[in-house]
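Each remark here refers to the structure printed beneath this line.
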Amino acid sequence: MRDGAAFSDPARERIMFARRLLVTAVITVLLTALLIARYFDLQISRYEDFATQSNNNRVLVRPVAPSRGLIYDRHSKLIADNRPSYNLTIVPERSADLDKLLADLGEVISISERDIERFRKRLKQRRPFEKTNLRFNLSEEERAALAVNGHRLVGAETSARLKRFYPDGELFSHVVGYVGRINERESQTIEAVKYRGTDSIGKIGLEKFYEQNLLGEVGSEQVETNALGRVTRVLDKTGAKSGDNLTLYLDSQLQKVGHEAFKDKRGALVAIEIETGGILSMISAPSYDPNLFVSGISQKNYDSLLYSLDRPLFDRAVRGQYPPGSTIKPLFGLIALQHNIVTPSYKIKDNGYFYFKGIERPWRDHNFARGGHGDGVDMAKAIIESCNIYFYGLGVKTGIDLLSDYGMQFGLGSRTGIDLPSESSGIMPSRAWKKGSRGQSWFNGDTINTSIGQGFMLATPLQLAVMSARIASRGEVLTPKLVKAINGEEQPLLKAESDINISEKHWDYMHQAMQDVVHSSRGTARSISNGLTYKIAGKTGTAQAISIDAEDKYDSSKIAERQWDHALFIAFAPADDPKIAIGLIVENGEHGGSAAAPIARAVIDAYMQSNSPTTLVKR
Amino acid sequence: MYRNDFVRQLNSPGGDRRPSRIMHIDIPLLLILMALCSIGLAVLYSASAESIFYVKRQATFMLIGLFAMIGIAQFQPRLWERWSIFIYVCGLLSLVAVLFFGVGAKGAQRWLDLGVTRFQPSELMKIAVPMTLASYLGKRHLPPRFKHVSIAVIATLIPVLLVARQPDLGTSLIIFSSGFFALFLAGLGKRYLLSTVLLAMAAVPTMWFYVMYDYQKQRVLTLLSPEQDKLGAGWNIMQSTTAIGSGGLSGKGWTQGTQSQLNFLPESHTDFIIAVLAEEFGLIGVLGMLALYLLLIGRCMIIALNAQSMFGRIMAGTISLTFFVYIFVNMGMVSGILPVVGAPLPFISYGGTAIVTLFLGFGILMAISTEPKRI
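As they're listed, the protein sequences go chains A and B.
Everything in the first sequence is counted per our numbering, starting at 4 for the first residue and increasing by one.
Everything in the second sequence is counted per our numbering, starting at 3 for the first residue and increasing by one.
Right under this line is the structure:
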């Protein structure tokens, strides 16, 4: 049954509809008249203007590429520069016969099949009358040859453009990253208008993270061209705006000292300025020359980097994840003190084994002589001599919940938020984490492994440095940062509202213990104390690269070098008024005290000597 | 229950026995459509730099569309009236699915990947919304009462907002206007019309600040001063107006347009194809094509007037008016009096899905036009 059909009046509805339709028909005709008026205006009234514009050769709008922002270290030393480079470009519209032009060019300078293949690909993506690159980085001789033969190479020209150059080569490659040509995948995600006239984009590191700042704004020029397409007159020009200049917290000198200290070792070091959270030095060894990537790396070079056993392309400082080992002990000690789980006077007897009720297999101290650290091991001694047995018991008493809660506050188990892309988060294990990632409940055995920084636990060298800085600053929570200023304008510090809650006396106690790691006669890092004019506080660590049975003692002579233990070290200095904090790892370096600590000392020494104020570079 | 209609018609002594009636084909409509398609293919050949590939593909879609149109025309309008709500709900569900599983490019999610083929639900809604509204309002006592107006408005706004979220502002405006036309033709009261105008005026600032994306705002700003954006959309408009203007009265001749042939004109085979036509065939060409479009719309309006049911009238009227919106928006945008939204020129611009959707709409019109008289 139709709704209201009984009362509806079909005839009246039809008339109403017809009237409505008439109204729309009239409006349609009116709007069509408006369109006709517009086309009449363009095609008849203003025909002359447009015909001239279209016939008298063309008025072109060409992009003017901005120059990329520069990057400076804290002392205004340039670490990413732009240098002129000459490319061979072609405007196919200007050449009568493109194939002949390419053949002619091949007689003047060397042009490979691959160059031509890539050129044809680029041709498809360009705008009409836009210069398209054929060869990059022309040499002095090539430019001369092209100039001499210019008359028979109509349509080809050399054009100068600025190219990224990294004066220090491999020194900053992992931090600063590099720019490279925009690839097909990127060209689909970028805003095409912004990149008109620019053919490179930040690929990794700061170059990628600050791409929007560094890029600058493209300008344009309106030019008139003659029949051959040569520019005869510039009608109008909107200048390009160069990208923002970045000033980093990094100190080239420290970077250099650290880099040299690694020699041919593999590993990473991060040094943080405690007051600001600024990164003073960030090294991942071995490194590579970023300049190779700027105008396209050869397959051979790329393969040799990619397949090298040392993995030079891998940024160990923010992406490498290692068990923190004993470097975690000061943190866990602080938690136990704060929560009254042990007092400083609490002592244990260490005979080299730790038994846990219900578990037959004991936990041992792999890196210490059989028999253990003996009687009267208190927390200070356990830190100074790095006694595992003490921390096994302390860990179980504290419980994983407190350990993991504080661990997170000290920067472990989540990204630190540094201004770099693709940072790893590490793992600070907890009940929830294990349930989520393994689907299993937490066992006491897991806590025991965690209490010496082994087991599931993983941290990046950056996280170790952040933890060290937070211990040194007595619980101040600052987000680490590389960029100090953009165009001379200082960037705000990212500081948490409240500090980590630990009593002063516990900080005092732990700082003293860490100082004794370096300065007391039984400290595990005593070897670096020779000739120190100031005090360093630190903690060594050793992390297993492979697992070892409880019954076996670790013996490096029995295993391949790449399976040797990793050596770790965290430190801050000066111990009584900390300014710099360090976290570092030497892969397969075996002992924190002998392999890692000397590198830290070299960097801290350089810092203590140079400590000059920073300068900010404006535009 | 309508399965026997075809047979019944053949046998009915008083029925129209012309072959076109039996085949449910409206001859004037078919002729105009074929003329438009031929012009479309000719212009496309020139606009695509004389590419047979594009022309072949486009012709294939036109043939598919033609057959789909004739197929659709075989179903009685009453069937569409009855099933419209089902099609509408399906369309709505797939629009929601697009929000979650949609695929697309450059930040817009418009497609559902069905494995074999891709499907764009917003295209379906261009027909489903007017059909549902025509079906719903056609059954009511007209002009519609407040309750019916409210339901129709809600049924229109839900897909409009979903499509705007994708984001596809052009299509969402088309759906919105089709809903409005259906209500208008159903006799929407003057007070409602006035408040719609006021609401639209109030909506402009809201859209600007809360709904529109930066790139969409940029296009409106570009319209006001194309010189500000020489490397982006402004460039397109400067080039297209030059192409149109330099065509003059009679044009430069087929495939002779310098602006389009030398690749100055962007998107010359899709949204900006009218510029190629205007450059090569001049104002005469533009007027000729507009005349064909007006003939088509006029024929559709006559079909609407003569339709047997209120559903048929509203549906046919809405389709013809929406068709005009396409033409007006596209020709206005290319000639620089409207902002650049992605809107193809019907039957001329290259693009398969859009063509098939258009033919489907005209298929329903043919069904309405050839519906046997009710006694």
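Positions of the beta carbon are idealized from the N, C-alpha and C atoms, including for glycine.
- B:L223 has its alpha-carbon roughly 46 angstroms from the corresponding atom of A:M285.
- Within the stretch 300-322 of chain B, the residues whose Cβ lies closer than 7 angstroms to any Cβ of chain A are, in chain order, M303, A306, L307, M312, R315 and G319.
- At least one C-beta of chain A is nearer than 8 angstroms to the C-beta of B:T243.
- When rounded, the separation of the alpha-carbon atoms in B:W210 and A:F296 is 43 angstroms.
- Taking 9 angstroms as the upper bound on Cβ-Cβ separation, chain B lies near residues Q191, T192, E194 and A195 of the stretch 180-195 of chain A.
- For A:A21, the chain B residues whose Cβ falls inside 8 angstroms of its Cβ are L307, in order along the chain.
- No Cβ-Cβ contact shorter than 8 angstroms links A:A83 with A:R146.
- Put simply, of B:T173, B:P169 and B:H143 the residue whose alpha carbon is nearest the alpha carbon of B:G189 is B:H143.
- Proximity of chain A to B:F330 at the Cβ level (cut-off 7 angstroms) is accounted for by L34 and L38, in chain order.
- A:F357: not part of any alpha helix (DSSP H); member of the beta strand (DSSP E) spanning Y356 to F359, first to last residue.
- Each of A:R418, A:G448 and A:E507 was checked against the Cα of A:M470, and the nearest Cα belongs to A:R418.
- For B:V288, the neighbours in chain A by C-beta distance under 7 angstroms run, in chain order, Y42.
- A residue is called buried once 16 or more other Cβ atoms fall within 10 Å of its Cβ, and A:G183 is buried on that count.
- Looking at A:Y358, A:K484 and A:V480, the one whose alpha-carbon comes closest to that of A:V321 is A:K484.
- By the Cβ rule, the stretch 416-432 of chain A does not count as touching the stretch 385-397 of chain A, because fewer than three pairs are nearer than 8 angstroms.
- Scanning its chain for C-beta atoms nearer than 8 angstroms, with the 5 sequence neighbours on each side dropped, one finds no residue around A:R49.
- Using a CB distance cut-off of 8 angstroms, B:M133 does not count as an interface residue toward chain A.
- Straight through space, the alpha carbons of A:G205 and A:S454 are spaced by roughly 41 angstroms.
- At least 8 angstroms separates the CB of A:S70 from every CB of chain B.
- Listed in chain order, the positions of the stretch 144-162 of chain B with a beta carbon within less than 8 angstroms of a beta carbon of chain A are L144 and P145.
- The beta carbon of B:S197 sits no closer than 8 angstroms to any beta carbon of chain A.
- Listed along the chain, the chain B residues whose CB falls inside 7 angstroms of the CB of A:S57 are T244, S248, T260 and Q261.
- Of the candidates A:S329, A:Q518, A:G379 and A:A288, A:G379 places its Cα closest to the Cα of A:S348.
- Contacts between B:W237 and chain A, judged by CB atoms closer than 8 angstroms, involve V64 in chain order.
- Taking 8 angstroms as the CB threshold, B:M203 stays off the interface with chain A.
- In the three-state DSSP reduction, A:N152 falls in the coil class, being neither helix nor strand.
- DSSP, read as helix, strand or coil, puts A:Y213 in coil.
- Taking CB atoms only, A:R441 has no neighbour in chain B less than 8 angstroms away.
- Around the CB of A:Q612, fewer than 16 other CB atoms lie within 10 Å, so the residue is classed as exposed.
- C-alpha of A:G526 to C-alpha of A:D519: approximately 6 angstroms in a straight line.
- A:F265 has its alpha-carbon roughly 13 angstroms from the corresponding atom of A:R319.
- For A:S255, the secondary structure class from DSSP, reduced to helix, strand or coil, is helix.
- With a beta-carbon spacing of about 5 angstroms, A:V67 and A:A243 fall inside the 8 angstroms limit used to define contacts.
- A:G429 is positioned such that its CB atom lies closer than 8 angstroms to that of A:G416.
- Against chain A, the beta carbon of B:A280 has neighbours under 9 angstroms at Y42, L45 and Q46, listed in chain order.
- By the Cβ-count criterion, A:P464 is buried, with 16 or more other Cβ atoms from all chains shown falling within 10 Å of its own Cβ.
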